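Undergrad: Its first residue numbered 1, the sequence shown is counted upward by one per residue in UniProt numbering. Note that CB positions come from ideal geometry on N, CA and C, so glycine has one too. These numbers come from a predicted model, not from an experiment. Just dropping this structure here.
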Amino acid sequence: MASAAGKRQVKAPSLPTGFVYDLPSLNRPPHSASSARTSLQVDLSPPRVSPTSMPENSQDLELLKLQIEKQRLEIQVLELEAQAKARSLSSPSSGKPAAIPSLDTVRSGHNAVSSVSALPSGQLSLSSACSYAAVVRHILCSKSSNSNAFGPRVPVPSKLNIPSWKSALDKYHDSVVADFLAFGWPINYRSSFLPTPSKSNHSSAVRFPDAIDSFIAAEISHGATAGPFHRNPFPTLLRTSPLKTVPKDDCKRRVVLDLSFPPGVSVNDGIPKDSFLDEPFHLSLPRSADFADLIIAKGPGCFLFKKDLKRAYRQIPVDPKDYIFLGYQWNELLYFDMVLPFGLRSATLACQRTTSAIAHIFYSAYQHQCVNYIDDFGGVEASHADALVAFQDLENLFNSLGLESFPEKDCPPSTRMVFLGLIYDTVNMTLEVPVDKLSRTSELIRHWLSSPRATKSDLQSLIGKLSYICALGELTAKKANLMTREHGLDEDKDCGLWEEGIGTGLHAETEEFEFQEVKEIDVKSVIKSLATNKSPGYDKISARVLKDSCESIAPVISSRVDNSFNVAAFPKVWKIAEVIPVPKEENPEVPANNRPISLK
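Structure below.
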């Protein structure tokens, strides 16, 4: 943990609606003692328009004001960045994030104006200029009620090749993706109530301060995070959320901005799940079956390849208008993200729509199909030569769009590959769950069996892992049923296939995880343990009726469950059914006087 003496003593940039930057001349040598300087002044107060040139329509007037302010601020942003680059070239870097210069607030009449005094040579670093420019972009975009892409259209900094995106997506059904990449993705905060800021961080962040320090330094160097600030740099309140860390597979820690805290009044609580910018929208992620379909189409022995995007979320810029929702605090200093953070509800939607656009370009421009799952791209080709060409074409596409790939995670063409957490083998035409994943799941189950209690998040994690493994059985059953229909086996019940059953493909003899047979005694034990003083559930059958019917129910339930395991077929959707006992005669409260249960 950094000591108090080592903290940066930085005064807070405080930027009201109108302010002036007074910068040294770029023409003066960086270390010159000359006091001569050129001032670039940008006043964000409403521009003066002469009565003779004033538009008659008030909306046109507001648009004119916005355009004038946009031009002024674009000049200022360029000046700030050029100033920083000139100084960074003339003076060696100290290797530490530079402190952001202070802004002295001056009031003149009713107009609040902030000015940056003449800066000492070498004090304005590139990261400081980027942070100032981010505040400027936010103030300008906040003057419009629309998102930046549909209003001011102030360009946001990124390494993306926006002209290439716009050209390639010209006829794409979701071509607005190019605009969102050029002007920032809206986070889609739609609530009329603003979220409650949180100043403290979670214990998982406090316990790993080195991980947080490294993360912040790296993100500032990438231009993804603005700061540090001693005070809120915006005219309005900066909404801060707590940081936390979660373990990654490589023994490192992933830093997450918990935008779901505090519950009920968080940033994510103001982001709808089923709409985007007030239009209905449903995010549908690809499934392992989609990649299996590509393999089946190419045939046995086809070649698979995979490429990943590096820092995928962090390559996608956010609408400057939403910067105030992405703040956090560390070591008493303030920061805010300018790109998609981990922990934002709408980040997956933005990233998936972006990579789906890449998959569209990959097909339309290169005639190659692929499956994109957030930041992963998997492709299939019939021959090794075709797969090599497609693999290189995807790399070339990333480069042309200005995207950074992750070579360490690339998988060149092969007949066996891990994709979306499963092992695909095109020689044997099999699909497997990796052994290490099964081992971790088995260990987790053993931990649950010995643990007296667990949190909601622990339960959700377990359900997610088990559902993922069960999905393999669902996929196996789907493909098996398809093959039986294609070969006419579904009409020949005497072929022996149905009696022998179809294996689950989980290699129960060699791996730790396996489905255990459900016995009647187990079902009876569960039924007899039901509490009779509880009200009936959705099926409206009391525990007393179930207990009295235990001998009849247990064989049916155990047979159904075991049959599902044997044929690798599992319910795709669990539905609630209303069950009504049908009385045979008087005294329906006696279980024996009711007919077999009918389902509605």
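(1) For the beta strand (DSSP E) containing glutamate 219, name the first residue and the last one.
(2) Just verifying my parser: in three-state terms, what is the DSSP assignment at asparagine 372?
(3) Can you tell me which of the three DSSP states arginine 153 falls into?
(4) Is the Cβ-Cβ distance between phenylalanine 305 and histidine 384 less than 7 Å?
(5) For the alpha helix (DSSP H) containing arginine 544, list its first residue and its last residue.
(6) Would serine 461 be called buried (16 or more neighbouring beta carbons within 10 Å of its own) or exposed?
(7) Specify, as a first and last residue, the run of the beta strand (DSSP E) that proline 412 falls within.
(8) Tell me the DSSP secondary structure of alanine 531 in three-state form.
(9) Within a Cβ cutoff of 6 Å, which residues of the same chain sit near arginine 153, ignoring the five residues on either side of it in sequence?
(10) Taking only the alpha-carbon atoms, compute the straight-line gap between proline 120 and glutamate 332 and give it to the nearest angstrom.
(11) Under 6 Å from any heavy atom of the ligand SAH, does the C-beta of aspartate 274 make it?
(12) Report the option in Ser552, Lys298 and Ala134 whose CA atom is closest to the CA atom of proline 233.
(13) Within 10 angstroms of the Cβ of lysine 159, are there 16 or more other Cβ atoms? Answer buried if so, exposed if not.
(14) Report the rounded CA-to-CA distance for serine 450 versus arginine 253, giving the unit in angstroms.
(15) Taking the straight line between their C-alpha atoms, what separation do you get for serine 32 and serine 128?
(16) Rounding to the nearest angstrom, what Cα-Cα distance links arginine 190 and leucine 257 in this structure?
(17) Measure the alpha-carbon distance for aspartate 562 versus isoleucine 553 and round it to whole angstroms.
(18) Could you check the C-alpha separation between proline 235 and arginine 453 for me, to the nearest Å?
(19) So alanine 350 and isoleucine 316 are supposed to be a Cβ contact under 8 Å. How far apart are they, rounded?
(20) Pull up the CB-CB distance for aspartate 308 and serine 405, whole angstroms please, since I reckon it's below 8 Å.
(21) Taking DSSP as the reference, what is the three-state secondary structure of aspartate 319?
(22) With distance defined between alpha-carbon atoms, name the residue in Val255, Val176, Val427 and Asp250 nearest to serine 241.
(23) Helix, strand or coil: how does DSSP classify aspartate 278 here?
(24) Can you check whether the CB of proline 413 is closer than 7 Å to the CB of phenylalanine 377?
(25) For aspartate 249, is the classification buried or exposed, using 16 other Cβ atoms within 10 angstroms of its Cβ as the cut-off for buried?
(26) What does a CB cutoff of less than 7 Å around alanine 543 pick up in its chain, not counting 5 residues either side in sequence?
(27) To the nearest angstrom, report how far apart glutamine 367 and valine 389 are at their CA atoms.
(28) Hey, how far is the Cα of valine 582 from the Cα of glutamate 443?
(29) Going by C-alpha distance, which of Arg416, Ile527 and Tyr328 is nearest lysine 547?
(30) On the criterion of 16 or more Cβ atoms from any shown chain inside 10 Å, does serine 251 qualify as buried, or is it exposed?
(31) Our contact map puts leucine 238 next to glycine 151 with C-beta atoms below 8 Å; I'd like the distance itself, whole angstroms only.
(32) Let's test the definition: count the other Cβ atoms within 10 Å of the Cβ of glutamate 279 and tell me whether it reaches 16, buried, or not, exposed.
(33) Please go through the same chain and pick out, in chain order, the residues whose beta-carbon is closer than 6 Å to the beta-carbon of arginine 345, but skip the five residues on each side of it.
(34) For the alpha helix (DSSP H) containing tyrosine 363, list its first residue and its last residue.
(35) Classify glycine 301 as buried or exposed, calling it buried when 16 or more other Cβ atoms lie within 10 Å of its own Cβ.
(36) Span of the alpha helix (DSSP H) holding aspartate 293?
TA: From the atom records:
(1) Looking up residue 219 in the sequence shown gives position 219. Run containing glutamate 219: none in the beta strand (DSSP E); it sits in the alpha helix (DSSP H), 209-221.
(2) One-based indexing of the sequence shown puts residue 372 at position 372. If DSSP states are grouped into helix, strand and coil, asparagine 372 belongs with the strands.
(3) The residue given as residue 153 occupies position 153 in the sequence shown. Here arginine 153 carries a coil assignment [DSSP, helix/strand/coil].
(4) Reading the sequence shown from its first residue, position 305 is the one you call residue 305. Reading the sequence shown from its first residue, position 384 is the one you call residue 384. No, the pair does not count as a contact, with Cβ atoms beyond the cut-off.
(5) For the purposes of this step, residue 544 is taken as residue 544 along the sequence shown, with counting starting at 1. Start and end: 543-548.
(6) Taking the sequence shown and counting its residues from 1, one reaches residue 461 at position 461. By the 10 Å Cβ count, serine 461 comes out exposed.
(7) Taking the first residue of the sequence shown as position 1, residue 412 is located at position 412. It spans 411-414 - the beta strand (DSSP E) in which proline 412 sits, taken as one unbroken run.
(8) Within the sequence shown, residue 531 is the residue found at index 531, counting from 1. For alanine 531, the three-state secondary structure derived from DSSP is coil.
(9) In the sequence shown, counting from the first residue as 1, residue 153 sits at position 153. Excluding the 5 residues flanking it on each side, arginine 153 has same chain C-beta neighbours closer than 6 Å at Phe183, in chain order.
(10) Indexing the sequence shown from 1 puts residue 120 at position 120. Indexing the sequence shown from 1 puts residue 332 at position 332. Because the pLDDT of proline 120 is 32, which lies under 50, any placement of that residue in the model is unreliable, and the number read from its coordinates should be weighed accordingly. So the two alpha carbons sit approximately 26 Å from each other.
(11) As for the ligand SAH, it is missing from this structure, which has no ligand bound.
(12) Translated into the one-based positions of the sequence shown, residue 233 becomes position 233. Nearest option by C-alpha distance: Ala134.
(13) Position 159 of the sequence shown, counted from the first residue, corresponds to residue 159. By the neighbour-count rule (16 or more Cβ atoms within 10 Å), lysine 159 is not buried but exposed.
(14) As a first step, residue 450 must be located in the sequence shown, where it is residue number 450. As a first step, residue 253 must be located in the sequence shown, where it is residue number 253. Each residue's Cα considered, the two are about 27 Å apart.
(15) As a working mapping, residue 32 is identified with position 32 in the sequence shown. As a working mapping, residue 128 is identified with position 128 in the sequence shown. Because serine 32 carries a pLDDT of 35, less than 50, the predicted location of this residue cannot be relied on, and no value is offered for it.
(16) As a first step, residue 190 is located in the sequence shown; it is residue number 190 there, counting from the start. As a first step, residue 257 is located in the sequence shown; it is residue number 257 there, counting from the start. Arginine 190 and leucine 257 have their C-alpha atoms roughly 19 Å apart.
(17) On the sequence shown, residue 562 is found 562 positions in, with the first residue counted as 1. On the sequence shown, residue 553 is found 553 positions in, with the first residue counted as 1. Taking the straight line joining both Cα atoms gives about 15 Å.
(18) Against the sequence shown, residue 235 aligns to sequence position 235. Against the sequence shown, residue 453 aligns to sequence position 453. Distance between the alpha carbons of proline 235 and arginine 453: 47 Å.
(19) Taking the first residue of the sequence shown as 1, we reach residue 350 at position 350. Taking the first residue of the sequence shown as 1, we reach residue 316 at position 316. Contact between alanine 350 and isoleucine 316 holds, with the beta-carbon distance rounding to 6 Å and staying under 8 Å.
(20) For the purposes of this step, residue 308 is taken as residue 308 along the sequence shown, with counting starting at 1. For the purposes of this step, residue 405 is taken as residue 405 along the sequence shown, with counting starting at 1. Aspartate 308 to serine 405, Cβ: 7 Å. Contact.
(21) Reading the sequence shown from its first residue, position 319 is the one you call residue 319. Correct three-state label for aspartate 319: coil.
(22) Here residue 241 refers to the residue found at position 241 of the sequence shown. Cα-wise, what sits closest to serine 241 is Val255.
(23) For the purposes of this step, residue 278 is identified with residue 278 of the sequence shown, where counting begins at 1. Coil.
(24) The residue given as residue 377 occupies position 377 in the sequence shown. The residue given as residue 413 occupies position 413 in the sequence shown. Not a contact, by the Cβ cut-off of 7 Å.
(25) Mapped onto the sequence shown, residue 249 falls at position 249. So aspartate 249 ends up on the exposed side.
(26) To locate residue 543, count along the sequence shown from 1; it is residue 543. Counting only residues of its own chain and dropping the five nearest sequence neighbours on each side, alanine 543 has a CB closer than 7 Å to the CB of Leu530, Ala531, Thr532 and Lys534.
(27) Locating residue 367 in the sequence shown gives position 367, where the first residue counts as 1. Locating residue 389 in the sequence shown gives position 389, where the first residue counts as 1. Going from the Cα of glutamine 367 to the Cα of valine 389 covers about 11 Å.
(28) Mapped onto the sequence shown, residue 582 falls at position 582. Mapped onto the sequence shown, residue 443 falls at position 443. Taking the straight line joining both Cα atoms gives about 46 Å.
(29) Position 547 of the sequence shown, counting from 1, holds the residue named residue 547. The shortest C-alpha to C-alpha distance from lysine 547 to any of Arg416, Ile527 and Tyr328 is the one to Ile527.
(30) As a first step, residue 251 is located in the sequence shown; it is residue number 251 there, counting from the start. The question names serine, yet the displayed sequence has cysteine at residue 251. With fewer than 16 other Cβ atoms within 10 Å, it is exposed.
(31) Taking the sequence shown and counting its residues from 1, the one referred to as residue 238 is at position 238. Taking the sequence shown and counting its residues from 1, the one referred to as residue 151 is at position 151. So it is not a contact: roughly 21 Å between Cβ atoms.
(32) Against the sequence shown, residue 279 aligns to sequence position 279. Exposed: under 16 other Cβ atoms inside 10 Å.
(33) By one-based count along the sequence shown, residue 345 stands at place 345. Once the five neighbours on either side are set aside, the close Cβ partners of arginine 345 are Asn268 and Ile271.
(34) Taking the sequence shown and counting its residues from 1, the one referred to as residue 363 is at position 363. Bounds of the alpha helix (DSSP H) holding tyrosine 363 are 347-366.
(35) One-based indexing of the sequence shown puts residue 301 at position 301. Its Cβ having fewer than 16 others within 10 Å, glycine 301 is exposed.
(36) Here residue 293 refers to the residue found at position 293 when the sequence shown is read from its first residue. Element bounds for aspartate 293: 288-298.
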